[in-house]
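What follows is a short report on a single structure.
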Amino acid sequence: MGTTGKVKQPKKQQLIPSAPAPHADAIFIKGARVHNLKNIDVSIPRNKLVVVTGVSGSGKSSLTIDTLFAEGQRRYAESLSAYARQFMARMDKPDVDYIKGLCPAIAIEQKVITRTPRSTVGSMTEIYDYLRLLFARIGKTYSPISGRIVKKDDVSDVVATISALNTGDRVLMLTPFRQHRNRDIKEELNILLQKGFARLYVSAAGETGETLRIEELLEMTDKALKTKLPASSTFILVDRIVVKEFDEDDLHRIADSVGTAFYEGEGGMELEINGTKKLSFSNRFELDGITFEEPVPNLFSFNNPFGACPTCEGFSQVLGIDADLVIPDRRLSIYEGAVAPWKGEKLVWWKDQFIKGAKKFDFPIHKPVIDLSKQQYKTLWEGNEHVQGINDFFAEVERNLYKVQYRVLLSRYRGRTECPDCKGYRVRKEALYVKVGDRHIGELCEMPVKDLAEWFDRLELNAHEQQIAKRILIEIRHRLRTLMDVGLGYLTMARLANSLSGGESQRIQLTRSLGSNLTSSLYILDEPSIGLHARDTQRLIRVLKELRDLGNTVVVVEHDEMMMREADHIIDMGPLASHLGGEVVAAGDYQALIEDEDSLTGKYLKGELAITPPAIVRKWTRSLILEGARQNNLQDLTVEFPLGVFTVVSGVSGSGKTTLVKQILYPAMQKIKGEPGDKVGLHKALKGDIDAITQVELVDQNPIGKSSRSNPVTYIKAYDEIRDLYAQQPLSKLRGFQPKHFSFNVDGGRCDTCKGEGEQVVEMQFLADVHLTCEVCHGRRFKEEILEVRYREKNIYEILGMSVDEALEFFKDEAAILQKIKPLSDVGLGYVKLGQSSDTLSGGEAQRVKLASFLGKGRAQGHILFIFDEPTTGLHFHDIRKLLASFNALIEQGHTILVIEHNTDVIKSADWVIDLGPEAGDAGGNLVYAGIPSKMPKNSNTGKFL
């Protein structure tokens, strides 16, 4: 290591000649020492696309997130008023001499940023806010009864109607005569006289009506008045007009009269033309006897009490009869007993009546429920004149709820189900009466982004609407285009934010950042290409360049070769991980990186080092066969998964890989093995050598522990051996310490004040909790007498602070400990500290800790099917080699590896590839290719990049 250091010193000078010079065109970091950074100086050119690369644990995130972003955030917080600052956690200054030329920093990380079931893709990208505005401004309300457009008439509409009549036409302007409660008819007439009205008008069906003077009517008796003025056909005569060429004064007079008529008629008035024809006008928003809500943005918001569906409160689901519990196996027909509650001595009557009645209208009782048409499935639930359906059955159950057995029966089939009122659209039904271009807002939110973008391109508006919607449409189209560019064209606006992967979530935040059109900012992205097929990575690079061209500095932590080729500047961290890293190995453009002798990344890029596909592809004889997969966008697929080999499922983002493996194969295997699991996705059958597999393990990116005390060394069970070792030291025996005294999970040896946490959390009620280092143990987690026990001059706290690679060197004489922690190094986690809290590990790191725990267990477990979801997340070429070696080790132990992956090096190294596609969403879900990687067709989306 020392020699490389010597070579590097002059190199640093020559790489950053402009370091102390003018900082106008660069961000200059002087003396960064955060985590494992070794007092480095780095220059980052401004308004460029900069890639920071290097092996996992070499200090990339320490430099970008923990130094650059942390300082940018801190300076922003410092600029706020003292009042505002008290509500923010105190931000510590990163350990750095100084940073010059820093601009406002925005970090887009790979966290699923929201867990609330109210947040959707539409609300996260702000597209839904623009849609609400669009519907409020140009949406037309249609009556659900007649389908006609509901509109309010105003004074100008009535004036225009009168002006358009033929010259000489006689027009009476009328408004209904109403007798208010607590007033007799004469009192009402007197009030009209005082208001200035002189006549009433009584219309007769099909004939010219009769005009009556109010003064004469007042002389009649009440009884005579009631006969003379029938309630339904008596009007106040507001004005009489003969149509001619009106001048401006005439039009003003008519407009005044119309205003008066609307006021007196509480929003309604009529025109009688030539004694026969009647035209009705209303300035109330009503039609067909229904008063409609006027479109305002909040009417379309499911996060606002005014717009949310009152039944499900905007969540789209309610507690009701769960269709998946009622028909648990859709592969069965009605005749075979698909409807679960229709069995037993009494309840089988419902099935029998359905089968008998089905003959009368040709219902296919022998067809599996999965193959029924939409109409047939609807009939099964709703019934018709010949049969009673499932809804009728549950209505009967509800009527008998006073009997305990019916209450038990009902509870068995209750679950979260689509809201019956809003049909899952989340907003109240009045909002769904409003349409733009024949679609309501709920239908638009259910469309995949790429279809929605097409729909907006085809949208035809009149000149007036275009003028109003022009700005809104620019925003919507721009954001939809960006979503497609970052490879998310398969998502819908209604997709829940908490169901997105980390990569999807990050790219959605990127869309929002682009939509805000900020300039002169520093964007820091943490591996935005995760979960992206190589084809989509090209589009992503285009989006990042667009962000740069707005005048921003874009810094990307990335391992992707395509991204490096396109970067303006690359900073290679290393040379290795943890304490062997933390230095700038090389900096410059792509060419400079390739030419640099010290750069590990450069060696891989120019092909000096490479991940070579295995010379011999393993043969297989046993397999699992999944038939008729139809969940989400899968098009009735039958797929064979080989056993005992390394299989990769590939395809563009959104082609159905996760659905096939994680929603169908994995839960189906769990169910067969009798393990609890999620609902199994739609498929016909899972066959093949199922007995050859003893258990199935999904190694995903979820955290390895929920407690802040959980860490890699306890997860892989190595800490037990370390505690035993410390309990055997002479001082421990003298003081009577047992292994439990060296645990921070039980009382005894741990610090009593902080309970082994090393810090105390002060709850600040409505502010963020404050984490303070424990005053008693000073963050060392154990009591003083425990820390006095040493093994080779180190106490237990210092052991927990070691990286895995340091520990391998330290414990080289302890075979039992070595055997346990070696797998962590084998999967590329040599830089992780033994006692590092699990909540500080990234998803990819957590996944590899789980892999290491299986590697450490050895052979005694039968034949496991391991499923990995994108295990190369956060891995450098060098670490991918280690990961592939770990996979091979598991296969040698007799297990099967199934991986969902986009990384071309991993695909090349597989024994078998299952490629889905050809595109995402509705255009995906087909089997494009299954076979050995080298034979994959060159014209497929994956084949092009192999």
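Heads up, this note's numbering is the position in the sequence shown plus 1, with the first residue counted as 1.
Ideal Cβ positions, reconstructed from N, Cα and C, are used throughout, including at glycine.
Cβ neighbours of residue i in the same chain (closer than 7 Å, five flanking residues each side left out)
i	result
Gly780	Gly759, Glu760, Thr774
Gln636	Gly926, Asn927
Ala256	Val156, Val160
Glu447	Thr493, Ala495
Pro298	Arg133, Leu134, Ala137
Where residue i falls: helix, strand or coil (DSSP)
i	result
Trp351	helix
Phe647	strand
Met670	helix
Pro934	helix
Ala20	A caution first: Ala20 carries a pLDDT of 39, below 50, which makes its placement in the model too unreliable to give a value.
Ser600	coil
Tyr792	strand
Arg751	strand
Gln10	Low per-residue confidence applies at Gln10: pLDDT is 40, beneath 50, and the placement is therefore not dependable, though the value from the model is reported in the following sentence. Helix, per DSSP.
Ser913	Looking at the sequence itself, residue 913 is Trp, so the reference to Ser does not match. Three-state result, Trp913: strand.
Met125	helix
Glu949	Since the first residue of the chain shown is 2 and the last is 947, residue 949 is not available in this structure.
Val156	helix
Ser44	strand
Leu735	helix
Gly944	helix
Thr493	strand
Contact check, residue i vs residue j, beta carbons under 8 Å
i	j	result
Ala808	Ile797	no
Leu38	Ser63	yes
Val487	Leu526	no
Tyr591	Arg623	no
Lys756	Leu917	no
Pro95	Glu79	no
Ala27	Gly102	yes
Leu619	Asp906	According to the sequence provided, residue 619 is Arg. The question's Leu does not apply to it. No. Outside cutoff.
Asp599	Val586	yes
Phe946	Ala535	yes
Ser522	Pro105	yes
Which residues DSSP lists as bridging residue i, in chain order
i	result
Ile772	The displayed chain sequence assigns His, not Ile, to residue 772. Bridge partners of His772: Val762.
Gln696	Ile865
Lys436	Lys141, His441
Val52	Val557, Ile571
Thr418	Val319
Gly918	Asn927
Tyr99	Lys31
Tyr202	Thr212, Phe236
Asp527	Val558
Ser624	Pro643
Buried versus exposed, by CB contacts within 10 Å (16 or more), residue i
i	result
Phe1	This structure does not reach residue 1, given that the chain is present from 2 up to 947, and the question cannot be answered.
Ser500	exposed
Gly169	exposed
Val747	exposed
Gln820	exposed
Ile723	buried
Val929	buried
Pro23	Here the model assigns Pro23 a pLDDT of 37, short of 50, so the residue's position is not dependable, and the following value carries that caveat. Result: exposed.
Asp98	exposed
Arg400	exposed
Arg413	exposed
Gln376	exposed
Thr121	buried
Pro306	exposed
Gly490	buried
Pro731	exposed
Gly844	buried
Tyr84	exposed
Residues of its chain near residue i, where Cβ-Cβ distance is below 6 Å and the 5 sequence neighbours each way are ignored
i	result
Ala309	Phe303, Gly315
Met670	Val697
Ile865	Gln696, Glu698, His896
Cβ neighbours of residue i in the same chain (closer than 8 Å, five flanking residues each side left out)
i	result
Gln318	Arg417, Thr418, Glu419, Cys420, Gly425
Ile163	Val172, Ile242, Val244, Ile255, Leu272
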